[in-house]
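Those sequence lines, one after another, are chains Z and V.
Going by numbering that gives the first Met the number 0, 154 is the number at position 155 of the first sequence; the sequence numbering is gapless.
Going by numbering that gives the first Met the number 0, 193 is the number at position 194 of the second sequence; the sequence numbering is gapless.
The beta-carbon is built from N, C-alpha and C at its ideal position, and this holds for glycine as well.
Remember, it's a predicted structure, so these values are computed and weren't measured experimentally.
To start, the structure under review is shown below, and the notes come after it.
Protein chains: 2
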Amino acid sequence: MEYFSGHISKLIEELSNLPGIGPKTAGRLAFHILDMPAEQVESLANALTDAKNNVKFCNKCYTLTDSEVCPICASKERDQKTIMVVETTRDMAAYENVGEYKGVYHVLHGAINPMLGIGQNDIRLKELFERLKDDVDEVIIATNSSVEGEATAMYISKVVKPIGIKVSRIASGVPVGGDLECVDNVTLLRALNGRVSI
Amino acid sequence: MEYFSGHISKLIEELSNLPGIGPKTAGRLAFHILDMPAEQVESLANALTDAKNNVKFCNKCYTLTDSEVCPICASKERDQKTIMVVETTRDMAAYENVGEYKGVYHVLHGAINPMLGIGQNDIRLKELFERLKDDVDEVIIATNSSVEGEATAMYISKVVKPIGIKVSRIASGVPVGGDLECVDNVTLLRALNGRVSI
Numbered sequence: 000m001e002y003f004s005g006h007i008s009k010l011i012e013e014l015s016n017l018p019g020i021g022p023k024t025a026g027r028l029a030f031h032i033l034d035m036p037a038e039q040v041e042s043l044a045n046a047l048t049d050a051k052n053n054v055k056f057c058n059k060c061y062t063l064t065d066s067e068v069c070p071i072c073a074s075k076e077r078d079q080k081t082i083m084v085v086e087t088t089r090d091m092a093a094y095e096n097v098g099e100y101k102g103v104y105h106v107l108h109g110a111i112n113p114m115l116g117i118g119q120n121d122i123r124l125k126e127l128f129e130r131l132k133d134d135v136d137e138v139i140i141a142t143n144s145s146v147e148g149e150a151t152a153m154y155i156s157k158v159v160k161p162i163g164i165k166v167s168r169i170a171s172g173v174p175v176g177g178d179l180e181c182v183d184n185v186t187l188l189r190a191l192n193g194r195v196s197i
Numbered sequence: 000m001e002y003f004s005g006h007i008s009k010l011i012e013e014l015s016n017l018p019g020i021g022p023k024t025a026g027r028l029a030f031h032i033l034d035m036p037a038e039q040v041e042s043l044a045n046a047l048t049d050a051k052n053n054v055k056f057c058n059k060c061y062t063l064t065d066s067e068v069c070p071i072c073a074s075k076e077r078d079q080k081t082i083m084v085v086e087t088t089r090d091m092a093a094y095e096n097v098g099e100y101k102g103v104y105h106v107l108h109g110a111i112n113p114m115l116g117i118g119q120n121d122i123r124l125k126e127l128f129e130r131l132k133d134d135v136d137e138v139i140i141a142t143n144s145s146v147e148g149e150a151t152a153m154y155i156s157k158v159v160k161p162i163g164i165k166v167s168r169i170a171s172g173v174p175v176g177g178d179l180e181c182v183d184n185v186t187l188l189r190a191l192n193g194r195v196s197i
């Protein structure tokens, strides 16, 4: 696209490296950015570098945070004896959006995946088991319902149960508001097997 | 979202100001950016500010460019006597992608739109008429087929025709490869009225 200025081409190229943004969307974004006030562009550019340079892992739960210990681990209002294990900071954010869970989290940053060569030492499992030396009542495993998430859940429960700490797994079943006929077979079977008396 | 670090929240907020990017996509992008190598984030941030600070209007055709005069206006291989009038730099890019047009452009940066208070003095029309004082053979109007684009085309032709310069409008009709039954009535009528003998 040599008819564009080099700076515009460069910007389009950089933007199209982002996930879900192809060359057309990148073009649309680039021209929108050129139309934005200079201070707003500056602010966006600063937000990018600031986030990259200042965000680190919480020393306790390994979520992404600005401080040594994240606000949830530092909070006196959260039950520090209940740990929910999630794969990513975004999964944690999903549960925080619900607003009902009052315990703390542990972010693994992945799941065991032998196909991709990700073993138990490549995610934050050691750090989780280290935390169990403190006074912990329950470990709630909220990894994804994928093969990798289930494998990780199994592994954690095998290690944690012998220590004598309660281990639970979030329920798997038909999503609320979901149409039964649209739900896959494995989920239908799980929902049946996991039925609760009413 | 106070459970996120302030820097992440800020980044998500900045990203969701971009067109077509909602809070969910912004979140996905933000976490992807945090996973990117620092130099890649730096490069994206620099591309943003570089484009904003260095891109200006071409002195002749008012497209966005790095230099005083854009490569197309400066090229000796382009027919400087044929001017295609487009609404935006992206419309120009669309025709440049085709690669067949050998004339030059004039970018209006908008179209006459009384509803939004955009009159003939708010887009680069004066600059277009100024260019016609040089030796010009033809003005090809390639504004959009919208009400505003058509109004702008009418206005330009009314001014340019009396000067004695040929004025043309790009053809309007059924898109190539389009299914006739999916085409709207106005387009069908235009295609009929604009039929050419074969």
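Is it true that the CB of residue j sits closer than 9 Å to the CB of residue i?
| i | j | result |
| --- | --- | --- |
| lysine 101/Z | aspartate 78/Z | yes |
| glycine 109/Z | threonine 87/Z | yes |
| proline 18/V | leucine 28/Z | yes |
| serine 4/V | threonine 64/Z | yes |
| leucine 10/Z | aspartate 49/V | yes |
| leucine 124/V | asparagine 16/Z | no |
| isoleucine 32/V | leucine 47/Z | yes |
| isoleucine 122/V | alanine 150/V | no |
| alanine 25/V | glutamate 12/V | yes |
| isoleucine 155/V | aspartate 136/V | no |
| isoleucine 162/V | leucine 191/V | no |
Between the Cα of residue i and the Cα atoms of the options, which residue gives the shortest distance?
| i | options | result |
| --- | --- | --- |
| glycine 172/V | Met35/V, His31/V and Asp183/V | Asp183/V |
| alanine 105/V | Thr62/V, Asn112/V and Lys132/V | Looking at the sequence itself, residue 105/V is histidine, so the reference to alanine does not match. Per the Cα distances, Thr62/V. |
| threonine 142/Z | Glu38/Z, Val40/Z, Lys51/Z and Val84/Z | Val84/Z |
| arginine 168/Z | Glu180/Z, Met153/Z and Gly177/Z | Met153/Z |
| cysteine 69/V | Asn96/V, Pro36/V, Asp136/V and Val103/V | Val103/V |
| tyrosine 94/V | Ile71/V, Asn112/V, Leu115/V and Met114/V | Ile71/V |
| glycine 138/V | Val159/V, Ser144/V and Asp121/V | Sequence inspection shows valine at residue 138/V; the glycine mentioned does not correspond to that position. Here the closest residue by C-alpha is Val159/V. |
| glycine 116/Z | Ile140/Z, Glu147/Z and Arg194/Z | Glu147/Z |
| threonine 186/V | Gly98/V, Ala92/V, Ala170/V and Pro36/V | Ala170/V |
| cysteine 57/Z | Leu107/Z, Leu14/Z and Glu180/Z | Leu107/Z |
| lysine 236/Z | Gln119/Z, Leu14/Z, Asp34/Z and Gly193/Z | Nothing about residue 236/Z can be read from this structure; chain Z reaches only from 0 to 197. |
| serine 8/Z | Glu67/V, Ala92/V and Pro36/V | Ala92/V |
| glutamate 99/Z | Leu14/Z, Glu76/Z and Gly177/Z | Glu76/Z |
So, under 8 Å CB-CB, residue i and residue j are touching, yes? Tell me the CB distance rounded to an integer number of Å.
| i | j | result |
| --- | --- | --- |
| phenylalanine 128/Z | arginine 89/V | Wrong, their Cβ atoms sit about 55 Å apart, outside the cutoff. |
| isoleucine 140/Z | valine 175/Z | Between valine 175/Z and isoleucine 140/Z the Cβ distance is about 21 Å, and since that is not below 8 Å, they are no contact. |
| valine 40/V | lysine 51/Z | 4 Å |
| histidine 6/Z | asparagine 53/V | 5 Å |
Based on DSSP bridge pairs, tell me the residues matched to residue i.
| i | result |
| --- | --- |
| valine 166/Z | Val138/Z |
Any heavy atom of the ligand GDP inside 8 Å of the beta-carbon of residue i?
| i | result |
| --- | --- |
| glutamate 13/Z | The ligand content of the structure shown is nil, which means the ligand GDP is not present either. |
Exercise for review: Can you check the region 78–153 of chain V for any beta strand (DSSP E) of at least 3 residues that lies completely inside it and give the ranges in chain order?
Suggested key: For the region 78–153 of chain V, whole beta strand (DSSP E) runs of length 3 or above, ordered along the chain, are 78–85, 102–106 and 137–140.
**Study point:** alpha helix (DSSP H) segments (min. 4 residues) lying fully within the region 46–80 of chain Z
**Key:** Complete alpha helix (DSSP H) runs here, min 4: 70–73.
**Study point:** Ranges of the alpha helix (DSSP H) found wholly within the region 8–35 of chain V, counting only runs of at least 4
**Key:** Every alpha helix (DSSP H) stretch that sits fully inside the region 8–35 of chain V and reaches 4 residues is listed by chain position as 22–34.
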